[in-house]
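Same order as they appear, the protein sequences are chains A and B.
If you number the first sequence the way our numbering does, the last residue is 1019 and the count never jumps.
If you number the second sequence the way our numbering does, the last residue is 222 and the count never jumps.
Report on one structure; see the data block that follows.
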Amino acid sequence: MATDTKSTPDFDASKVAEIHQHLHSHLPSESALRVKALETLLVDKGLVNPKTIDAWIEAYTEEIGPKRGAMVVAKAWCDPEYKARLMRDAPAAIDELGFLGKATAHLKVVENTDEVHNLVVCTLCSCYPFSILGIAPPWYKAAAYRSRAVRDPRGVLSEFGIDLDVDIEVHVWDSTAELRYLVLPQRPAGTEDMSEEELAGLVSRNSMIGTDRDLGENIEDDG
Amino acid sequence: MDGIHDLGGKEGYGPIEVDDDDSPFHEDWEGREWGIAQCARTPGITIDWWRHCRELIMPEDYLGRPYFDSWAQTDFSTYIEAGWISEEEISAGKSLSKDTDYGEPAVAMTLKQVLQEDQDHAVRFDAEIETPPVFAVGQAVIASRHGNSGHTRLPQYVRGRQGTVHAYNGAHVFPDLSALGQEVHQHCYSVMFEASELWPEAQWSQDKVFLDLWESYLAEA
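See below:
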């Protein structure tokens, strides 16, 4: 295969299926070596700069992650007007905090109540609101969660330690389009005197996906 | 495509491997692949074509290899398909092309530049279109009985099932055509399905499943 025909994609699915078969036998079996092979070749061709890869890793390790989502949640708990804006137009509301970015331009916030528990999944791939939650946890991208969240949500929740009362409806959001979902968990009781920053410390990543519910368990007992 | 990727409702995948480790990357190579995927794109590629190339990974590799490994495999395939790299070059571990017309080599970006690019990646997929939406919020709809053999975002588990339009999302880029390089906008709705409509064991359940579905996936109930 010559490389002098580089161009835009042909969108040829049969060709790609054939490429995958070839790669199955010809790429190294270890994931680390496969990624190394990809990086080496793309860098040699000048298509990718390794320092830019470093910068993306740093961005999603140090700067962009679930702490951002937790700040959005805590602000919504403390400021009813912010919460109203968040529920009406989430991209604009997270942009106020500088968190609008990758995969959040069509963000929707779904609110947990005493009657409803929300759970987010992507059954077809693993869509996730990167710029506010960072990199998705491994279980979110695994076949067990993707297959079961829509069919056995209560069984899934129980494996995360949540025994949901039968009267509470589960609403599962399957991210089939470019919309992304953020669960707004309930503010735990007994947190009236806590600052927004302290409250953000209670908000787990899983609570914003829906695999955690009672954040009162995260309050440190200094009694 | 009725592929291995369409996992909703499939059974036999076992319990969730709940993991309290919040670190974004568990192995160095996962971070490298994340970074590669952020800065490398063939011209003319669409997100739906990339997704389709991932769906086309052989089922044993799709299910059997780690998540970011499948991203690397997808990147390999999209670059090869568009002629930017070859399998011979992968084996050689270097460029074999005499063609020097790859433009200027990619420059090194700083953390600040990358964070700015992340903000710039807040891409909207909606647009105004002339035709009004066919369905109204609250209306009963039935999802199409069939997908198509290319890329589609109509999962098997709702096909032929009745739901209710929960919200109108605007006209969004239609993925089935976007995976063929065509940008066509179509009305998109959030549709609510009762769990009892979808699953035999959920007969008494009040739970609900919401999907964002395009107009041509739906018919009036």
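Built from N, CA and C at the ideal position, the CB exists for glycine as well.
Can you check which of these residues, the options, is closest to residue i by C-alpha distance?
| i | options | result |
| --- | --- | --- |
| Ser24/B | Ala932/A, Ala939/A, Glu965/A and Arg884/A | Ala932/A |
| Ile958/A | Ser810/A, Phe895/A and Asp1010/A | Asp1010/A |
| Pro134/B | Pro176/B, Arg146/B and Gln187/B | Gln187/B |
| Ser825/A | Ala203/B, Ser71/B and Ser150/B | Ser71/B |
| Asp49/B | Gly861/A, Asp808/A, Ala833/A and Lys847/A | Asp808/A |
| Ala123/B | Gly842/A, Cys918/A and Asp891/A | Asp891/A |
| Gly182/B | Cys54/B, Thr47/B and Phe126/B | Thr47/B |
| Glu88/B | Leu975/A, Phe926/A, Pro984/A and Val812/A | Val812/A |
| Glu859/A | Ala886/A, Arg942/A, Asp875/A and Gly894/A | Gly894/A |
| Ser96/B | Pro887/A, Val839/A and Cys918/A | Val839/A |
| Pro44/B | Glu56/B, Gly104/B, Gly148/B and Gly15/B | Gly104/B |
| Ala220/B | Arg146/B, Arg125/B and Glu28/B | Arg146/B |
| Val138/B | Ala93/B, Ser92/B, Phe175/B and Ser191/B | Ser191/B |
| Pro201/B | Arg162/B, Asp121/B, Ile130/B and Arg154/B | Arg162/B |
| Glu1013/A | Thr987/A, Leu975/A and Val952/A | Thr987/A |
| Ala938/A | Met2/B, Tyr14/B, Asp3/B and Asp22/B | Tyr14/B |
| Gln74/B | Ile964/A, Val999/A, His822/A and Arg947/A | His822/A |
| Pro176/B | Tyr218/B, Glu118/B, Leu112/B and Cys40/B | Tyr218/B |
| Ile86/B | Thr909/A, Gly865/A and Gly842/A | Gly842/A |
| Thr132/B | Val185/B, Gln114/B and Arg154/B | Val185/B |
| Glu993/A | Cys874/A, Ala833/A and Glu835/A | Cys874/A |
| Glu12/B | Val952/A, Pro984/A, Pro981/A and Met1004/A | Val952/A |
| Ala168/B | Ser98/B, Gln140/B, Asp7/B and Val174/B | Gln140/B |
For the beta strand (DSSP E) holding residue i, just list the boundary residues, first then last.
| i | result |
| --- | --- |
| Met193/B | His186 to Glu195 |
| Leu903/A | Leu903 to Glu907 |
On the DSSP bridge list, what partners appear for residue i?
| i | result |
| --- | --- |
| Phe211/B | Trp969/A and Met193/B |
| Ile143/B | Gln163/B and Ala220/B |
| Tyr169/B | Tyr190/B |
| Val174/B | His186/B |
State the start and end residues of the unbroken alpha helix (DSSP H) segment that holds residue i.
| i | result |
| --- | --- |
| Leu819/A | Ala809 to His822 |
| Thr79/B | Tyr68 to Glu82 |
| Gly865/A | Pro862 to Cys874 |
| His27/B | Taken as a continuous stretch (DSSP letters only), His27/B belongs to no alpha helix (DSSP H), as it is neither H nor E. |
| Gly49/B | For the sequence presented, residue 49/B should be read as Asp rather than Gly. From DSSP, the alpha helix (DSSP H) with Asp49/B extends over Ile48 to Glu56. |
| Gly13/B | Unbroken run through Gly13/B: none, as it is neither H nor E. |
| Asn845/A | Taken as a continuous stretch (DSSP letters only), Asn845/A belongs to no alpha helix (DSSP H), as it is neither H nor E. |
| Gly1/B | One cannot answer for residue 1/B here, as it falls past the ends of chain B, which runs 2 to 222. |
| Gly4/B | From DSSP, Gly4/B is part of no alpha helix (DSSP H); its letter is neither H nor E. |
| Asp891/A | Ala886 to Asp891 |
| Ala93/B | Glu88 to Ala93 |
| Met1004/A | Arg1001 to Ile1005 |
| Glu61/B | Pro60 to Gly65 |
Given a cut-off of 7 Å, decide if residue j and residue i are closer than it, judged by their beta-carbon atoms.
| i | j | result |
| --- | --- | --- |
| Trp969/A | Val916/A | yes |
| Pro805/A | Ala196/B | no |
| Glu90/B | Leu837/A | yes |
| Asp213/B | Thr900/A | no |
| His816/A | Ser78/B | yes |
| Ala889/A | Leu882/A | yes |
| Gly164/B | Phe136/B | no |
| Ile5/B | Tyr68/B | no |
| Lys904/A | Tyr977/A | yes |
| Val159/B | Val142/B | no |
| Ala128/B | Ala172/B | yes |
| Lys863/A | Ala872/A | no |
| Glu911/A | Gln207/B | no |
| Met59/B | Ser150/B | no |
| Arg1/B | Val831/A | Because chain B spans 2 through 222 in this model, residue 1/B falls outside it and cannot be assessed. |
| Arg947/A | Gly10/B | yes |
| Ser922/A | Lys898/A | no |
| Gln999/A | Ala866/A | Going by the sequence as given, residue 999/A is Val instead of Gln. The answer is yes: Cβ separation under 7 Å. |
In chain D, what lies closer than 8 Å to residue i by C-beta?
| i | result |
| --- | --- |
| Ala83/B | Here chain D cannot be found, since the structure's protein chains are A and B. |
Report yes if the C-beta of residue i is less than 6 Å from at least one heavy atom of the ligand PLP; otherwise report no.
| i | result |
| --- | --- |
| Lys871/A | Of the ligands one can find in the structure shown there are none, so the ligand PLP has no counterpart to examine. |
Mind pulling the beta strand (DSSP E) runs of 3 or more residues that sit fully within the stretch 911-999 of chain A? 912-917, 965-970 and 976-980
Which runs of the beta strand (DSSP E) fall wholly inside the stretch 112-158 of chain B and span at least 3 residues, in chain order? 141-144
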